[in-house]
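Per the numbering used here: the sequence shown = residues 947 to 1097. Yeah, the Cβ is synthetic: ideal placement off N, Cα and C, and Gly gets one too.
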Amino acid sequence: MARMHARRRGQSGSRRPLVSKSPEWVGMEPDEIVETVAKLASQGRSSAEIGLIFRDQYAVPNVRLATGKTVLQIMRSKGVKFDLPEDLGNLMRKAVELQAHLKVNKKDISNKRGLQLIESKIRRLAGYYKGAGVLPATWDYAVKVQELATK
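Have a look at this one:
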């Protein structure tokens, strides 16, 4: 598959092994995993952070194989509400950081191009989420340069 912003193909990355059940050495029961996900979500952790915590601290390599549900499905069943999808929020955070950098470094042309690419990803992803009904049809990405408090 070709890259999104470069018209060339790249080498594929590593993939998980094809397994259909959780390993025997996982020390947590599915009910414990669900409760721990709910506890971590109430602390404000994102689904990606929760997955990393389970991998690194609880030795659960894959929550979906252990419970039959993804971390996001468990969070939704426990009633966790999201303002924005996680991937869209991360892209917007990255765009704001780049805007603040470009406000200080006006001649940084390569990062200007990077900001354009990030904003195009945001608009493309927003169009997908509007069509899927995750975002309202009136939602729009507005470019606002955040002021940095410099002391």
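Check, Outcome
"What's the C-alpha gap between residue 984 and residue 1034?", "22 Å"
"Given a cut-off of 7 Å, decide if residue 997 and residue 965 are closer than it, judged by their beta-carbon atoms.", "no"
"Whether or not the region 998-1005 and the region 1031-1046 are in contact is what I'm after, with contact meaning three or more pairs of Cβ atoms, one per stretch, closer than 8 Å; do they touch?", "no"
"On a Cα-Cα basis, can you pick out the residue from 1040, 1028 and 1020 that is closest to residue 1081?", "1028"
"Three or more beta-carbon pairs under 8 Å between the region 973-982 and the region 1003-1013, yes or no?", "yes"
"Label residue 993 either buried or exposed according to how many other C-beta atoms from any shown protein chain fall within 10 Å of its C-beta, with 16 as the threshold for buried.", "buried"
"Output yes or no for whether 7 Å exceeds the beta carbon distance between residue 987 and residue 1042.", "no"
"Among 1076, 972, 949 and 1048, whose alpha-carbon lies nearest the alpha-carbon of residue 1009?", "972"
"With DSSP as the reference, identify every bridge partner of residue 1059, one or two as the case may be.", "None; residue 1059 has no bridge partner."
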